[in-house]
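Colleague: The sequence shown: position 94 = 127 (the working numbering), numbered continuously. Yeah, the Cβ is synthetic: ideal placement off N, Cα and C, and Gly gets one too.
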Amino acid sequence: MPILLFRLNGVPADEADEVRALLDARHIDFYETQAGRWGISVAAIWLRDDDAEREEDARRLIDDYQQRRSESARADYAAQLQEGRAETLADRFRREPLRLLLYAAIILAIVYFTLAPFLHWR
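(1) What three-state label does DSSP hand LEU37 in the structure shown?
(2) Taking the alpha-carbon positions, what's the LEU134 to ARG125 distance?
(3) Output the distance between the C-alpha atoms of ARG59 and GLY43, rounded to the nearest integer angstrom.
(4) Measuring CB atoms only, is the stretch 84-95 touching the stretch 41-57, in the sense that at least three cross pairs come out at less than 8 Å?
(5) Is any beta-carbon of chain C found at less than 8 Å from that of ARG128?
(6) Since GLU116 is in the alpha helix (DSSP H), which residue starts that stretch and which ends it?
(7) Where do the N-terminal and C-terminal ends of the alpha helix (DSSP H) with ILE78 fall, by residue?
(8) Which residues does DSSP list as the beta-bridge partners of PHE63?
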């Protein structure tokens, strides 16, 4: 039975490309499935049946890659914070005020309809 190695739903293209390159470099035989026309299927990288003994090696390889990528992203964000280049909520509000106001209105509506049955307005 095929083994799911790496889900591709919501993964940036560069990360997916790097995972593919890592597996290719180690000569790990894999294949991909797409999310399909409506995006309801599993977009993923799978290990072939006949290469199941390489599962541990492949998982360790992907885990190490994701750890390095996470550390790199955190270091980049910390550098942006120190340099004052990190995007803040105020920056987003200046760039897209209507979107932020719409999200706030939706959140308030959800809170209202969630709590309204428990509140008595007398």
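Modeller: Put simply:
(1) Locating residue 37 in the sequence shown gives position 4, counting from the first residue. Correct three-state label for LEU37: strand.
(2) Within the sequence shown, residue 134 is the residue found at index 101, counting from 1. Within the sequence shown, residue 125 is the residue found at index 92, counting from 1. When rounded, the distance between both Cα atoms is 11 Å.
(3) As a working note, residue 59 is residue 26 in the sequence shown. As a working note, residue 43 is residue 10 in the sequence shown. Straight-line Cα distance between these residues: approximately 25 Å.
(4) These segments touch.
(5) No chain C appears in the structure shown, which is made up of a single protein chain.
(6) Taking the sequence shown and counting its residues from 1, one reaches residue 116 at position 83. Its alpha helix (DSSP H) spans residues 88-116.
(7) Within the sequence shown, numbered from 1, the residue matching residue 78 stands at position 45. Here ILE78 belongs to no alpha helix (DSSP H); instead the beta strand (DSSP E) covers 77-80.
(8) The residue labelled residue 63 in the question sits at position 30 within the sequence shown. The partner list for PHE63 (beta bridge, DSSP) reads LEU80.
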